[in-house]
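As structure tokens, the structure follows; a few thoughts come after it.
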Amino acid sequence: MNDLKRVLAAALIAGSTSGCAMVERVFHSDTPAPTRTAEAPVSPKPAAPAPVVAAQAPAAKTVWAQDGSDLVPDPAVRYGVLPNGMRYVLMKNATPPGQASLRLRVDAGSLNERDDQLGLAHFIEHMVFNGTSQVAEGDMVKILERAGLAFGPDTNAFTSFEQTVYQLDLPKTDESTVDTGLFLMREAAGEALLKSDAIDRERGVVLSEERTRDGPGMRIAHARYDFLLKGQLAPKRFPIGSTEVIKTAPREPLVDFYRAYYRPENTTLVAVGDFDVDAMEAKIKGRFANWTAQGPAGAKADQGQLAPRGQEAEVVVEPGGASTVQIGWLNPPDREPDTKADRRKALIRQLGFAVLNRRYERLARAGEPPFLGAAAYRYTELDSADVTLLTMTTQPGHWREAMTAAEQEERRIVKYGVLQEELDREISELRAALTQGVAGAATRRTPVLAAGLVDSVDDHEVYTSPADDLALFEETVKGLKAATVSETLKAQFAGQGPLVFVTSPTPIEGGETKVAQAFAQSQTAEVAPPTAVGAKTWAYTDFGPAGKVADERDVLDLETTFVRFENGVRLTVKPTKFRDDQILVSVRVGDGYLDLPKDHETSAWATSASFTEGGLGKLTAEEMEQVLASNVYGASLSLGEEAFTLSGRTRPEDFGLQMQVLTAYLTDPAWRPEPFQRARAYGATLHAQLESTPGGVLGRELASLVKNGDPRWAFPSREEMAKSSLDEVKSLVTGPLQNGPIEVVIVGDVNLDEAIRQTALTFGALPARHPVAPAADAAKVAFPAPNAQPLRFTHKGRADQGLAYVAWATPDFPSDPQRARTLRMLERVLDLRLTEELREHQSVTYSPSTAFESSWTFPGYGYLSASIEAPPEKLDGFFRDVAKIAADLRAKPPTADEMDRARRPRVEALEKAKATNEYWLGQLSGAQTDPKKLDAIRASIPGLERVTPADVQKAAQAYLTDKSWKLVVVPEAQLTKTGGAQ
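Below, the structure written as structure tokens:
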């Protein structure tokens, strides 16, 4: 599996796709003649400047990680090297069928930039989509849309500190689509024109991305890197770069970087999917063999050396930022080859950290916890240092309690070690995950495999099979003693440091001196030996006599069965083979938001966080996890528009247990107070964080605003959070859970008879229910009336950050499903037009956004929206541009090409979704009581294909009118200056 314990370091590279500190990788598999072909669409070759040829070095010997290792690479993967030095990695995989993922990895990122190139590695990533030798500026995305790839989900790229990766997820593996994908990857690799005028047009888009992603998290990440890697290169090479360089850099430094690093010997193409590997290999050779380089190769980054350091402390005050504490120890990076011995050591370390993290979890779950959450892990930071890190999230002002508790727990495990029963539990849990990975190996999803292969190349690690991972695990843990793990873990808390890094939204009196003194004081405290946790047993196996089936019928075309038990429980079963060894279960109870009062805000926001973490009457959540450590199961509760939903994910051998767990939660929830208290404490920290960016403010306000201020969807104010109570949450939820109708949906690797049997033993065995209908007006929800002037909200972030949002009321889905599909197409066409105008022509924003909602639950309710994040002075222009585009769509229908580019990615996305268990779990929920949902499934793709340009124009005339509802989010200072009001 790909990093079974992969944990992102707290408050790290916010807004950057990569460069994040990760817990170390133990297993590296996933369980989780080039002439233009007739099929490859090509535009006329643009005029000068000539393409920047990304050049040929006399081929150095290519070395894969397995070449110097005793680990055996996954035999399903083929590795190859072209004569020009370009590497490729191929893997056949048919989940989902008929699709493929292409990844072009360039072994260069922001660490490879000169001082005059800061941000240009990322800038080049943008420019690859803006003109190559055979694709005109602006045409690459359009070509992909015509092939069914959506910009964003299927067509994307990212630049990190160490690599740049271009991503295409092909919806088909026919000759035309594959040839188009490889053709465009070849253009990206070595044919970018980097024209000066195109560079100038793209500056605004890159600056918009920098502006959008900058916030407290990013500023904290910069400060953290400056502190942790003091004197090294990485803190000076964040991928977004320097705004001054982005604004002013001429063409030459971009050309220099492209020639130096976009080179065959510096590039790897990964292709995974439902194709013939021999045929794909031949295509790659044909397409890339003529790629040659020009000029000298770029130098490898010199990241500098770790400086000798003792105990240090730093405090960063960032309004709107999270309150955190991190304690780190640094050592030179481990550059040893990836071998069996190395992985055994890493696994033992991982098990030790898992025990420590379990102890931290226990502290966080206690009454009046010292922190909201904490974790310990080891990772390699950008080949600059090996880092052991303790990281805590705290309530504002509680940094001392968090730091003290984490530091002392670390010393406790160093002094007294790991208990054997603690180790055995972690072994059981990891074994269950690895075993499930082996069982599901044949149906791993193609994009996940492609990402794993890219990671293995980036990390220079061997991509091994799930079966070999499990075998190595069993070899390592056989006879493994707690003393061995304890000694290994003890060695991790040594090196340069400890380095204490504290972030706070408000100043800390005494600053670094106070923090250093508090840390030194904590180190003097005695720590007691750990206390063993007593063993419990699973006590929820008998819910009464098995229920009897009253009715059973098949929905043959959807390969689904509907069952009704005598007690009124409804069961929907769809066996699939989309994912081996995976079963998804959802249990819908009650009426969700319809059960909540309409006239005032409630504590319903805390429902999900309080319910399952509260455990069961006979077991706490921690005890339950301990008892069931060797099993695969899940339990979560969500609040939806028409039901409360209990959900779980399991495997066939644990299916019966999964049903018992969900039934136990329904019949015997404990509602212990600690999870609610923790949720309220965490919630209290959110307001300042949300206020710090325009997007945060919109996210806080929008759900209620678009329902005309309905308090059921209101984000709780600070005052509402403070006065909320667990008793209120219980009073809101208990009635629906005890009396509401029950509908069970089971999808996945399951046998119909077994699904019926296990449901009969659990939910079917419960007493019959007597539902209470929701209030008569519960389903009355309205979109707000149009406004001539936008509502104005403020944020506390940068003065150049703003947001504009516009929406139009539309009808619900069930009253006319085909109308809803037409409106979906209108939304997609509007998105194309906005992207073309605001990103490509005006360079105003990084990514305009559109959305469409058509309710199943609330009669007459829906809306279509558009929004951008842009400088405040550009927001009025956005409303004018939207109005102009809307008027044009009313006046004349979209072009055939626009319809194709809007429709095909949507259709392909639906085809992909229909090959997942998740899709069917969602679509079949509620289908027994509302047959229209089955018709909607059947017509989802044919209905989209029937929508005509005239239909879209008619929809625009009816709904995309001049009467819209608008809001803006502007900097607080600007609103005060203009005298506006919220």
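Residue 49 is where the sequence shown starts when you use our numbering, and the numbers rise one by one after that. All residues carry an ideal CB built from backbone N, CA and C; glycine is no exception.
- Taking the Cα of Asp390 as reference, the smallest distance to any Cα among Gly133, Thr620, Gly116 is reached at Gly116.
- In the three-state reduction of the DSSP assignment, Gly925 falls in the helix class.
- Straight across, the Cα-Cα distance linking Asp382 with Pro417 is about 36 Å.
- Each residue's CA atom was taken as its position, placing Glu1020 and Ala370 some 20 Å apart.
- If you draw a straight line from the Cα of Val363 to the Cα of Gly352, it comes to about 24 Å.
- Gly682 sits close to Gln706, with the two beta carbons spaced by under 9 Å.
- Beta-bridge partners of Trp1013 (DSSP): Ala855.
- Approximately 16 Å separates the beta-carbon atoms of Tyr1007 and Leu882; this is outside 8 Å, ruling out the contact.
- In this structure, Pro201 sits away from Ala963, with a CB-CB distance that is not shorter than 9 Å.
- The alpha helix (DSSP H) runs lying completely inside the stretch 450 to 494 and spanning 4 residues or more are 468 to 487, given in chain order.
- Assignment of beta-bridge partners to Met440 by DSSP yields Val373, Ala422.
- By DSSP's assignment, Val435 forms a beta bridge with Leu378, Tyr427.
- Within the same chain, Cβ atoms closer than 7 Å to the Cβ of Ala542 are found at Trp377, the five residues on either side in sequence being excluded.
- Straight across, the Cα-Cα distance linking Gly358 with Gly545 is about 5 Å.
- Taking one beta carbon from each stretch, the stretch 720 to 736 and the stretch 765 to 772 have 3 or more pairs nearer than 8 Å; the two touch.
- With contacts defined by Cβ atoms closer than 9 Å, Val597 and Ile804 form a contacting pair.
- Beta bridge pairing from DSSP links Ile631 with Thr698, Gly796.
- The Cβ atoms of Ser903 and Ser634 do not sit closer than 9 Å to each other.
- A residue is called buried once 16 or more other Cβ atoms fall within 10 Å of its Cβ, and Lys932, having fewer, is exposed.
- Shown here for Gly638: same chain residues with a beta carbon closer than 7 Å to its own, the five before and five after excluded, namely Ala691, Phe692, Pro784, Leu785, Gly788 in chain order.
- Residue pairing by DSSP puts Asp602 in a beta bridge opposite Thr609.
- Put simply, of Ile631, Phe336, Ser752 the residue whose alpha carbon is nearest the alpha carbon of Val829 is Ser752.
- It is roughly 27 Å from the alpha-carbon of Pro941 to the alpha-carbon of Pro219.
- Under the three-state reduction of DSSP, Pro717 is assigned to strand.
- For Leu255, the enclosing alpha helix (DSSP H) starts and ends at 244 to 261.
- Between Val563 and Leu471, the C-beta spacing is not below 9 Å.
- If you look at His818, you'll find it isn't in any alpha helix (DSSP H); DSSP assigns it neither H nor E.
- Taking 8 Å as the upper bound for CB-CB distance, Pro907 and Val798 are not in contact here, some 35 Å apart.
- Between the stretch 249 to 267 and the stretch 203 to 222, the count of Cβ pairs shorter than 8 Å is below three; the stretches do not touch.
- Out of Tyr136, Ile294, Gly289, Gly400, the CA that lies nearest to the CA of Gly334 is found in Tyr136.
- Residue burial annotation: Tyr464 is exposed, with fewer than 16 other C-beta atoms found within 10 angstroms of its C-beta.
- Under the 10 Å beta carbon count, Pro979 is surrounded by fewer than 16 other beta carbons and is classified as exposed.
- CA-to-CA, the gap between Val793 and Ile294 works out to about 52 Å.
- For Glu574, the three-state secondary structure derived from DSSP is coil.
- Lys331 and Ala169 have their C-alpha atoms some 28 Å from each other.
- Under the three-pair Cβ rule at 8 Å, the stretch 497 to 509 counts as touching the stretch 120 to 139.
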